[in-house]
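Here the sequence shown is numbered in the working numbering, starting from 49 and rising by one per residue.
Glycine is no exception: its CB is placed at the ideal position from the N, C-alpha and C atoms.
These notes concern the structure reproduced below.
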Amino acid sequence: MESGDETTRLVRLARGGDADGLGQLVQRLSPLLTTQARFRAARSLPDVDPDELVQEVWLRAIPRLPELDARDGRHTPVVVRFLATTLLNLTNELVRSRIRARRTLADGGSDAPGVSALPDETVGVVSRALRSERHDELTRALVELTPEERELVVLRGIEQQDNQDVAALLGQTPNAVSLRYNRLLRKLRDKLRGGLFDEWRED
49 MESGDETTRL VRLARGGDAD GLGQLVQRLS PLLTTQARFR AARSLPDVDP
99 DELVQEVWLR AIPRLPELDA RDGRHTPVVV RFLATTLLNL TNELVRSRIR
149 ARRTLADGGS DAPGVSALPD ETVGVVSRAL RSERHDELTR ALVELTPEER
199 ELVVLRGIEQ QDNQDVAALL GQTPNAVSLR YNRLLRKLRD KLRGGLFDEW
249 RED
């Protein structure tokens, strides 16, 4: 991935307060987060709308964007991993909150994490971007993957877990995981030429 990739450019605009750049960044990366949200919430939070999780992730993450330093001149892997970690943390918070609620027979929503305090303009940018149709092509490509392929995209690509950890989770060798991931990246690049996956490095 080159330091001038599109996602890094949009991150820099968003960090500088550019509303249009922020909107495009949300559009570009949200299909990844939606895929991760569906994967992570399927068992533990089946009644939670993945889109609501994704919106909350963005509202939590946007104030932190200026704190994220580039890696080798690239913000893309840093921001994707930060967003993925934020979503994991949010999912875990919701699960813990429901466990506490069940134990006390209280309402489950009372302990749920609240929406971050951001200016209405920023919240509006995120909401409009999430309603946009522009990321449909990426969304379709992810939906068309097999469940096993989506799992690999989430674990290895979005959450950026290393091959050893993913191999342990999937019951495969690290080399097999690496080979599968590289083949999957090439498949996605063929479907989405000039798209987000051109910015992802193979092992």
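Assigned exposure category for residue i - 16 Cβ within 10 Å defines buried
i	result
V191	exposed
P125	buried
N211	buried
T221	exposed
I147	exposed
A216	exposed
A90	exposed
L115	One detail in the question is off: residue 115 reads as Glu in this sequence, not Leu. E115 is exposed by the Cβ-count criterion.
R249	exposed
R204	buried
D184	exposed
T98	The sequence given here has Pro at residue 98, not Thr. Buried: at least 16 other Cβ atoms inside 10 Å.
Backbone secondary structure at residue i - three-state DSSP
i	result
R60	helix
E197	helix
Q209	coil
G242	coil
G219	coil
E192	coil
D168	helix
R249	coil
R148	helix
Distance, residue j Cα to residue i Cα
i	j	result
V202	D68	27 Å
R241	E247	11 Å
H123	A132	14 Å
L77	D213	24 Å
L107	G121	25 Å
R237	D95	33 Å
P195	Q84	12 Å
S145	L101	15 Å
L235	Y229	In the sequence as presented, Leu is not what sits at residue 235; that position holds Lys. Each residue's Cα considered, the two are about 10 Å apart.
R231	L178	29 Å
V225	R198	13 Å
Q103	S175	7 Å
R71	T55	Residue identity check: residue 71 is Gly in the sequence provided, not Arg. Each residue's alpha carbon lies about 12 Å from the other.
G64	L193	35 Å
V171	I110	10 Å
E141	A149	12 Å
D251	N223	10 Å
E169	D66	12 Å
Whole-Å CB distance - residue i paired with residue j, under 8 Å assumed
i	j	result
I206	L73	Their Cβ separation, rounded to whole angstroms, is 15 Å, which puts I206 and L73 out of contact at 8 Å.
S92	T139	7 Å
A62	L113	6 Å
L136	R88	7 Å
V105	V59	That belief does not hold up - the Cβ atoms of V105 and V59 are roughly 15 Å apart, past 8 Å.
L227	F245	Not confirmed; about 17 Å, so no contact.
G243	L186	7 Å
Threshold first: 4 residues or longer. Then list the alpha helix (DSSP H) segments lying entirely within the stretch 54-138, N to C. 54-63, 67-92 and 98-109
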